[in-house]
Structures are given as structure tokens and as C-alpha cells.
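Asks: Let me give you the structure first, and then I'll get to my questions.
There are 2 protein chains.
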Amino acid sequence: MSAPIVRRHDGAFHWEGVDVLQYKQAGTAPFKDVTRQVLFDGTGIPGQLRYFEVAPGGYTTLERHEHVHAVMVIRGRGRCLVGADAYDLETQDLVTVPPMTWHQFLAAADEPLGFICLVPSERDRPQLPDDVATAAEIRRPLGD
Amino acid sequence: MSAPIVRRHDGAFHWEGVDVLQYKQAGTAPFKDVTRQVLFDGTGIPGQLRYFEVAPGGYTTLERHEHVHAVMVIRGRGRCLVGADAYDLETQDLVTVPPMTWHQFLAAADEPLGFICLVPSERDRPQLPDDVATAAEIRRPLGD
């Protein structure tokens, strides 16, 4: 079934007819307090546009892959790790995650971080750090 | 040159390193008070993601084309015509414009309407109504 023409926002970053999904299966890789909503996908849409929301103090999986992420923050604030640097993020900031670049999104302690993320429909699976020590080294720019 | 990893929002819907462009060449078709900014385009990005801002009382061109639009309002409010219906729009509402469907976006009289719009990188050129009478008939659901 094709999407309705207009899907209204309910004032709290949920949309009519859009399911709030698990971010990933539990047990696959570390993450904390993240939900996923698919906003646009399929017929005629180039790629898939998703909304991720990281609860205060939460974070996405540390990962890398060949496909690129195009991101706009639309709620709250936080930080991201992309490659060798960490960046503060405020609402409406743009982030480009290049191919095979380690990345992670983290919400502030007292605010969620909500962002839309555009990806190709056909994309490779994320790679994870080999072990905890490698992950800690990759995450060093975050300083936490 | 590839995009910087983070491009910050300046608090007024402009972004670091993103040019504010003409919406269309003057004289091609009726529109009023619209700007365009290309947020993501090129290497690895599926499609092009643009930000359009329609000033209070302004409107985009009435047009249709084979390619689909995936839209999220991120500033202000207004209305849109999509096919045979007009819809009120608030911040964060989602709009899908199906193939070959007449559409137009209009800002409220007292507020801008800013929205991101995802399109395929390769896309057909917009078609315009044949004449003023046809345009008026297409726009009838707007009731203005």
C-alpha cells in the first residue's frame, strides 16, 4: 500500500501510521535507549528516510559500513563521533558519515537526540569493532 | 569536494557552507518568495535533499512530474495542494507527492513554511498547467 499523502506529526515526534520500531535486535551490539521510525521508503523514493530517537543518556551502536549516512538533527541535542573526531550537535545541524567511517550518536544527559537519516535502499550490513579494547580506542575522541 | 562532516545550523535555517539559491529562474512559471538550499547531494547520497523556504504569503510553482517528492515540514506552517485535495501543514508533518500529481506549497499569511524535500538525482522536468484557466481549475481545492 502506498503512503497516505499527508501524515501528521502528533507533537511528540510520532507520525500518523508510522510504527515505532526497535532500533536493533537486542544482543547484536551495544546500544542504549534508541527507537526507529521509517518515514519514507519504497515506491519512487530514492533510499529510505528514517527517524531515530536516542533517549537522554542513550547512544547508538558504534559501527561502520560502506553506505553513507545523511543526517539532520530535528530534536534535542547531543554529540556524535565520526571518524577521528567528536562533534557537539544541536537541532537542525547536518552530519555526513562517509563510507567505512566509525560513527556513533549520543544524546545529551538531559535531552533526547532525534535525527532523520537518509540511506540507500540497498546497503551493506554494519561492521562492529573486533573487541572491547578496539571499541574503546575508536571512541577515544568522545573522552568519556 | 566532499561535504564537511558536520555543517552547523545558524539558528535561522541557514547552514554553514550551504548557499541560499534562487528557487527557479524568474519568468519560467508563477511562484512567490521561495528560496532553495541543497543540504545533501552527490557521493553516496541516494538522491538530493533540499530545504525550501516559502516566505509568509508566498507559494511554490504549481507543477507535476514523474518523480516523487518526500517532504517534511521543519519550519512554520502553511498548506499544500496535492492532487484533488488541500491539506493544512504544521511543523514536522510529512507529505508524499505521488507521480504526475499536481502540487503546490503555500506559506501561511503570517509565518514561513520551510520544508526538506527528497528527490531522485536523475529526475524529469516539471510540467506546468497549459493555461491560466487550467491552473485555476487545478487549484480549486485551495479555495482561494
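If you're matching them up, the sequences are chains S and D in order.
Numbers 2 to 145, taken from the working numbering, label the letters of the first sequence in order.
Numbers 2 to 145, taken from the working numbering, label the letters of the second sequence in order.
Quick reminder that beta carbons are idealized off the backbone N, C-alpha and C, glycines included.
Just so we're clear, the structure is a prediction, and the values are computed from it rather than from any experiment.
1. How about aspartate 21(D) and arginine 8(D): are their beta carbons less than 8 angstroms apart?
2. Going along chain D, which residues have a C-beta under 7 angstroms from glycine 48(S)?
3. For chain D, is any of its Cβ atoms less than 8 angstroms away from the one on tyrosine 88(S)?
4. With 16 as the cutoff for other CB atoms within 10 Å, does methionine 101(D) come out buried or exposed?
5. With a cut-off of 8 angstroms on the beta carbons, I'd call arginine 76(S) and proline 113(S) a contact; round off their distance for me.
6. I need the boundaries of the beta strand (DSSP E) containing alanine 108(S), first residue and last residue.
7. Please report how far the alpha carbon of aspartate 86(D) lies from the alpha carbon of leucine 143(D), in whole angstroms.
8. With DSSP run on the structure shown, which of helix, strand or coil describes isoleucine 117(D)?
9. Looking at the C-beta of alanine 108(S), does it have a partner C-beta in chain D at a distance below 8 angstroms?
10. Considering only their Cβ atoms, is the gap separating tyrosine 88(D) from phenylalanine 53(D) smaller than 8 angstroms?
11. Could you work out which residue in Leu40(D), Leu107(D), Thr135(D) is closest to leucine 82(D) when comparing CA atoms only?
12. Check each candidate in Leu95(D), Val35(D), Gln49(D) and name the one with the smallest Cα separation from phenylalanine 41(D).
13. Could you tell me which of Val69(S), Thr61(S), Gln105(S), Ile6(S) sits nearest to arginine 124(S), measuring between CA atoms?
14. Could you tell me whether any Cβ in chain S is nearer than 8 angstroms to the Cβ of glutamate 91(D)?
15. Which residues in chain D have a C-beta closer than 7 angstroms to the C-beta of alanine 4(S)? List them in chain order.
16. Should isoleucine 75(S) be flagged as near chain D, meaning a C-beta pair shorter than 8 angstroms?
17. What do you get for proline 47(D), buried or exposed, if any count of 16 or more other CB atoms within 10 angstroms of its CB means buried?
18. Excluding the five sequence neighbours on either side, which residues of its own chain have a C-beta within less than 7 angstroms of the C-beta of proline 5(D), listed in chain order?
19. Taking Cβ positions only, does arginine 65(D) come closer than 8 angstroms to chain S?
20. Compare the beta carbon distance of tyrosine 60(D) and phenylalanine 32(D) with 8 angstroms and say whether it is the shorter of the two.
21. Going by DSSP in three states, isoleucine 46(D) sits in which element: helix, strand or coil?
22. Among all the DSSP beta bridges, which residues are the ones paired with tyrosine 88(S)?
Replies: Put simply:
1. Here the sequence assigns valine to residue 21(D), which means aspartate is not the residue at that position. The answer is no: Cβ separation not under 8 angstroms.
2. Here the neighbours are Pro47, Gly48.
3. yes
4. exposed
5. With a Cβ gap of about 6 angstroms, arginine 76(S) and proline 113(S) count as contacting.
6. 104-108
7. The alpha-carbon of aspartate 86(D) is positioned some 8 angstroms away from that of leucine 143(D).
8. Strand.
9. With 8 angstroms as the cut-off, alanine 108(S) does not count as an interface residue toward chain D.
10. no
11. Leu107(D)
12. Comparing Cα-Cα distances from phenylalanine 41(D) to each of Leu95(D), Val35(D), Gln49(D), the minimum goes to Gln49(D).
13. For the residues Val69(S), Thr61(S), Gln105(S), Ile6(S), the minimum Cα distance to arginine 124(S) belongs to Val69(S).
14. yes
15. For the C-beta of alanine 4(S), the chain D residues within less than 7 angstroms are, from N- to C-terminus, Thr97.
16. yes
17. buried
18. Gly18
19. no
20. yes
21. coil
22. Cys81(S)
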